[in-house]
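S.K.: Here it is, the structure, as structure tokens.
There are 2 protein chains.
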Amino acid sequence: MKTENLIGYKYTGNKKAFRAIDPSTGNELDGEFSIASAEDVDAALALAEKAFAVYRNIDKKTKATFLRNIAEEINAIGDELIERAMAESGLPQARLQGERGRTTGQLNMFADLVEEGSWVEAVIDTALPDRQPAPRADIRKMLIPMGPAVVFGASNFPLAFSVAGGDTASALAAGCPVIVKAHPAHPGTSALVAEAIKKAAEKNNMPDGVFSMLYDDGYAVGEALVKHPKTKIVTFTGSFKGGTALLKLAQQRENPIPVFAEMGSVNPTILLPEALECRYQQIAEQYAASITLGAGQFCTNPGLLIALKSPTLDRFKNALGGAIEKITSATMLTPGICKNYSNLSEESLREQGVTLLGKGKLSEGKNNQVQPVIAEVRASSFLVNPKLREEIFGPYSLLVIADYEVQLQQVIDALQGQLTASIVADEGDLKTHRDLIQNLTNIAGRVILNNVPTGVEVVQSMQHGGPYPATTDGRFTSVGTGAIKRFVRPVAWQNWNQDMLPDELKDGNPLEIWRLLNNKWSKEKS
Amino acid sequence: MKTENLIGYKYTGNKKAFRAIDPSTGNELDGEFSIASAEDVDAALALAEKAFAVYRNIDKKTKATFLRNIAEEINAIGDELIERAMAESGLPQARLQGERGRTTGQLNMFADLVEEGSWVEAVIDTALPDRQPAPRADIRKMLIPMGPAVVFGASNFPLAFSVAGGDTASALAAGCPVIVKAHPAHPGTSALVAEAIKKAAEKNNMPDGVFSMLYDDGYAVGEALVKHPKTKIVTFTGSFKGGTALLKLAQQRENPIPVFAEMGSVNPTILLPEALECRYQQIAEQYAASITLGAGQFCTNPGLLIALKSPTLDRFKNALGGAIEKITSATMLTPGICKNYSNLSEESLREQGVTLLGKGKLSEGKNNQVQPVIAEVRASSFLVNPKLREEIFGPYSLLVIADYEVQLQQVIDALQGQLTASIVADEGDLKTHRDLIQNLTNIAGRVILNNVPTGVEVVQSMQHGGPYPATTDGRFTSVGTGAIKRFVRPVAWQNWNQDMLPDELKDGNPLEIWRLLNNKWSKEKS
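Those sequence lines, one after another, are chains A and B.
Residue 386 in my numbering sits at position 386 of the first sequence, with consecutive numbering throughout.
Offset between the second sequence (1-based) and my numbering: plus 526.
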């Protein structure tokens, strides 16, 4: 395993270094990872800018092969990758094997998207030389990549939202070189994946600098990357504090750049009366599982349940509390996340009107364990305490109980932007709460009926991104094919010669992509 | 003509008022326009929020009829509109008649777009109940409107970028209520158009608050509108100072919102040797006309010409200088713009190395006239003086002369983001300068070959928006159908009943729009 910074095709080391920690034991793991210097940041971006001039013009088949080869190289690492990721994250084997499948699946999905080619949104309006009073020129538009992208690895998905995760895959697919700032919690996992990308790049003769990865156990390298004039896009998945700090840096640049930060969400779930009446036991078990999945360390963890006071709700409360009490603690990703969860979940129980509904069991003999917590509060207390609207990252959920119908809507109106909002409802509920349900699209990027929000499908139709503060920009998604749109902008070509136009815009549609040609969609070669 | 603020369907007046000025005479015009209060801002936004809940769900045919009726009502005003706009802007009759045609054309274009319906980018992935290890839920995504939009009227297009201009048309088409902050230079023109929108809204039973318009001769109303928590989007066309001030306000909100500010550009034009050799006289005449069109008061005015030193260039310089000297001054839009132009163009001639190449004639007997100016400077001086890269709004252009080939690229590299970049080139030039030409997409939203940048076509393929500081967000356009994308964000529906889904996403494609259904594009009803 390499422990130096990867700058283009070269590994370079510095004296300053750090080690990874196994959160389940607290022990240091193998490998001293070199902390990048300001010069390393400069070097990576200088190479990335040069690489961009070449990489943006590489044909779509070669780009697709490059992405597929990254997936193959990741699989080729074999068990070593899963074992190192387990040691660095505390996540179980099956979860990480699944996450690896998702990661390679994403790379292959973007390869397919790029190879098919229609994602560039080609639009052509041919010239009208006889138009009066003046002729109309030929104008053709498509999406082009913006330049080097800085991708911050996320702690909670050491594979799927990290070095070769959805951000890197979509940036490379768009035609943007990538510089990853490796997450300090899993540098070894990062090193293995970075080497896989390097191999795939070399195999496909990609320009030197199409990919780099830098380490840091603090904030200096990340800040330098975001402030660097050659950086054109930033992606991040993590805390509100971290995401907004990067956003501010990017906005203060001489040339501001977009920061796509996914900063979490309490993912409200509204439990409607008829559904509870029919199947409160089943709902309780389903939500106990969703809240504690992956120790609650998902961006879409349902941290807020909202329901109307009723005798059935009391039965649901007992069932949910009982279900949670049966669940055993799991290892948290890092000591910092663990401590933060413990503090915040304890603090929440000291807030006015908040009481404990159920608490999970603590595993013995392992470090960084936390107990799942379900608390409850009346809507009247919730509405006057903004603190209760904030995410507690981990296996925590708060049940907010409304005394009457209007209060239900008041609770929803008090919420900030969310990644998801869910409804648990039966036929009758859908009829009686139609407005409330339809207004959920105002606050969330994904609205869910009788499904849990955890488990984000990687598909064309996915929207993983909601209004601020769930993300810095709810108009974009970090999951699914739409993620490629974060790295591009449209350019129009006016009155150009055929041989100077990109192939996507040439007469005759040589790439056979979907294009809007004189207001008609078509994909035929002609 | 009404002179009060229009809040939904009601006109309300305040004591504080201002008058419009005829820039060609300096005289005050008829009408005391009421300055909006903080309460008016609140009232307009409260109504807009209520209207949004209804308006967003209005069927596409009704919305299209509403837009077409606005166009009809604008035409129905007749000569009064053109006469008032002439008096308030100093622009000639033919130009304003053309601009009215463009304005109604835009409204009708967005009506067609909305009626056709595919612009919502519907994507559907149907459920896979038998997938292993877990079933996949049905997920469907489309673009939805974000809420009330604040539109700032622009001074330089009193019709096409003002009350019922492209911003209002695209916002209403998207499903967003609009609050216009009328430009203080043409309140009477604004009043006439606002009344036309009101009539069309009433005729189509649009919800009260779908449109409001407020006056101010200062900054307080604009600031209050951008800071108001119910405002969700801001559009602006004007100065860098104005646009960035609004952006800052929007970023400092508790919930930041997007500001689409188009802030101008020097629109560089690169004149290559072979083209100059063949037709320097024609190019000189073409550019003299483009630079002085509308007194140079276009965002796409070619403010920077870049060429290589040569004997032919000297002939071109004489021809350009001569052509400019024949051109007579025109009335500037406002005394402020006039004064600013005079100051900045004079200052530029005092900068190190800058010399005058030609100056137009001054009209007698009219106020607010300015002389067109063509200046020249060597690239070596240009490269060390950032001030020379800034736009001088009006009929001014600077010819930058490179001593050698590499300097040409250096000049381009020194430029900031631009709305447009143009190349004047013949076959041989295209071959010898291929890289230089292709890299122009890095700095501009529209790249033009052997055409002037003025004259922005309103078509699907138009991109009117370039990298910062040309606009606050070069990923969007303010002209053409793409402008609708500024007012929307995607939402995904997971596992919903058919009757709760928007029509755009229902099984069987009842609206017959283009949809990506299980990775295949289709528009058939089924």
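Note that CB positions come from ideal geometry on N, CA and C, so glycine has one too.
Tell me which residues share the same chain as A:Leu362 and place their Cβ nearer than 7 angstroms to its Cβ, disregarding the 5 neighbours each side in the sequence.
M.R.: Ser329, Gln369 and Gln371.
S.K.: By alpha-carbon positions, which one of B:Ala845, B:Asn827, B:Thr795 and B:Ala815 ends up nearest to B:Gln807?
M.R.: Minimum Cα distance to B:Gln807 is reached at B:Ala845.
S.K.: In angstroms, rounded to a whole number, what distance separates the CA positions of A:Asn204 and B:Gly643?
M.R.: Answer to the nearest angstrom: the Cα atoms are 42 angstroms apart.
S.K.: Looking at the C-beta of B:Ser816, does it have a partner C-beta in chain A at a distance below 9 angstroms?
M.R.: Judged by the 9 angstroms Cβ criterion, B:Ser816 is not in contact with chain A.
S.K.: Name the residue from A:Gln93, A:Val456 and A:Gly360 whose alpha carbon lies nearest to the alpha carbon of B:Pro661.
M.R.: The option with the nearest alpha carbon to B:Pro661 is A:Val456.
S.K.: Take the Cβ of B:Cys804 as the centre, count every other Cβ of all protein chains shown within 10 Å, and call the residue buried at 16 or more, exposed below.
M.R.: Exposed: under 16 other Cβ atoms inside 10 Å.
S.K.: How about A:Glu223 and A:Leu247: are their beta carbons less than 9 angstroms apart?
M.R.: It is not a contact, given that the beta carbons lie outside the stated cut-off.
S.K.: Check whether chain A comes within 9 angstroms of B:Ile608, counting only Cβ atoms and requiring the distance to be less than that.
M.R.: Not closer than 9 angstroms to any Cβ of chain A, the Cβ of B:Ile608 fails to qualify, so no.
S.K.: Inspect the beta-carbon positions of A:Ser575 and A:Val180 and report whether they are closer than 9 angstroms.
M.R.: The question about residue 575 of chain A has no answer, for chain A in this structure spans 1 to 526.
S.K.: Examine chain B for any beta-carbon lying closer than 9 angstroms to the beta-carbon of A:Arg434, and answer yes or no.
M.R.: So, interface residue.
S.K.: Using a beta-carbon distance below 9 angstroms, is A:Leu430 in contact with chain B?
M.R.: For A:Leu430, the answer is yes, since a Cβ of chain B falls inside 9 angstroms of its Cβ.
S.K.: Scan the region 301 to 335 of chain A and note each continuous beta strand (DSSP E) run of 3 residues or more that stays entirely inside, going in chain order.
M.R.: Counting only runs of 3 or more, we get 304 to 308.
S.K.: Does the region 124 to 144 of chain A come close enough to the region 66 to 75 of chain A that 3 or more CB-CB pairs lie under 8 angstroms?
M.R.: Taking 8 angstroms as the limit for Cβ pairs, the verdict is that the region 124 to 144 of chain A does not touch the region 66 to 75 of chain A.
S.K.: Using CA coordinates, which residue listed in B:Glu953, B:Ile963 and B:Glu917 is at the minimum distance from B:Leu934?
M.R.: Comparing Cα positions, the closest option is B:Ile963.
S.K.: Under the three-state reduction of DSSP, which class applies to A:Phe382: helix, strand or coil?
M.R.: Three-state DSSP puts A:Phe382 in a helix.
S.K.: For B:Gln812 and chain A, any beta-carbon pair shorter than 9 angstroms?
M.R.: It does not: the Cβ of B:Gln812 has no partner Cβ on chain A nearer than 9 angstroms.
S.K.: With DSSP as the reference, label B:Val736 as helix, strand or coil.
M.R.: Correct three-state label for B:Val736: coil.
S.K.: Which of the three DSSP states is assigned to B:Asp485 in this structure?
M.R.: Shown here, chain B extends from 527 to 1052; a query on residue 485 of chain B therefore has no answer.
S.K.: With a CB to CB cut of under 7 angstroms and the five nearest residues on each side skipped, what residues in its chain are close to B:Ala569?
M.R.: Excluding positions up to five away in sequence, the list reads Ile533.
S.K.: If we require 3 or more residues per run, which beta strand (DSSP E) segments fall completely within the region 112 to 171 of chain A?
M.R.: Whole beta strand (DSSP E) segments, 3+ residues: 122 to 125, 139 to 145 and 149 to 152.
S.K.: Applying the criterion that 16 or more other CB atoms from any shown protein chain within 10 Å of the CB defines a buried residue, is A:Leu517 buried or exposed?
M.R.: By the neighbour-count rule (16 or more Cβ atoms within 10 Å), A:Leu517 is buried.
S.K.: Which same chain residues, not among the five before or five after B:Lys753, have their C-beta less than 7 angstroms away from its C-beta?
M.R.: Leu775 and Arg779, listed in sequence order.
S.K.: Alpha carbon to alpha carbon, how far is B:Ala810 from B:Ala849?
M.R.: Roughly 7 angstroms between the two C-alpha positions.
S.K.: Nearest CA to the CA of B:Arg1015: which residue from B:Pro671, B:Val676 and B:Tyr930?
M.R.: Taking only the C-alpha atoms, the option nearest B:Arg1015 is B:Pro671.
S.K.: Considering only the beta carbon of each residue, do A:Ala20 and A:Pro187 sit closer than 9 angstroms?
M.R.: Yes, they are a contact pair.
S.K.: In this structure, does DSSP put A:Arg446 in helix, strand or coil?
M.R.: Here A:Arg446 sits in strand by DSSP.
S.K.: Strictly below 7 angstroms CB to CB, what residues from chain A border B:Gln989?
M.R.: Lys141, Pro490, Val491 and Ala492, listed in chain order.
S.K.: Distance check for A:Asn385 and A:Leu113, CA to CA, integer angstroms please.
M.R.: Roughly 46 angstroms separates the two Cα atoms.
S.K.: For B:Lys586, I'd like the list of residues in its chain whose CB is within less than 6 angstroms of its CB, leaving aside the five on either flank, ordered along the chain.
M.R.: Cβ neighbours of B:Lys586 beyond the five flanking positions: Val640, Glu641 and Gly643.
S.K.: Please name the residues in the region 78 to 111 of chain A whose beta-carbon is closer than 7 angstroms to at least one beta-carbon of chain B, in chain order.
M.R.: Taking 7 angstroms as the Cβ-Cβ cut-off against chain B, none of the residues of the region 78 to 111 of chain A qualify.
S.K.: Can you find a CB in chain B that lies within less than 9 angstroms of the CB of A:Met5?
M.R.: The displayed chain sequence assigns Asn, not Met, to residue 5 of chain A. No, A:Asn5 lies away from the interface with chain B (no Cβ there is under 9 angstroms from its Cβ).
S.K.: For the region 870 to 904 of chain B, list the beta strand (DSSP E) runs that are entirely contained and at least 3 residues long, ordered along the chain.
M.R.: The qualifying runs are 881 to 885 and 899 to 904.
S.K.: Less than 9 angstroms separating the beta-carbons of A:Arg378 and A:Gly358?
M.R.: For A:Arg378 and A:Gly358, no; Cβs fall outside 9 angstroms.
S.K.: Which chain B residues sit within Cβ distance under 7 angstroms of A:Arg279?
M.R.: Chain B residues near A:Arg279: none, gap ~15 angstroms exceeds 7 angstroms.
S.K.: What residue does the alpha helix (DSSP H) around A:Thr292 start on, and which one ends it?
M.R.: Per DSSP, A:Thr292 belongs to the alpha helix (DSSP H) from Pro273 to Thr292.
S.K.: Taking 9 angstroms as the threshold (beta carbon to beta carbon), is A:Ser527 in contact with chain B?
M.R.: What the structure shows of chain A is the stretch from 1 to 526, and residue 527 of chain A is not part of that stretch, so it cannot be assessed.
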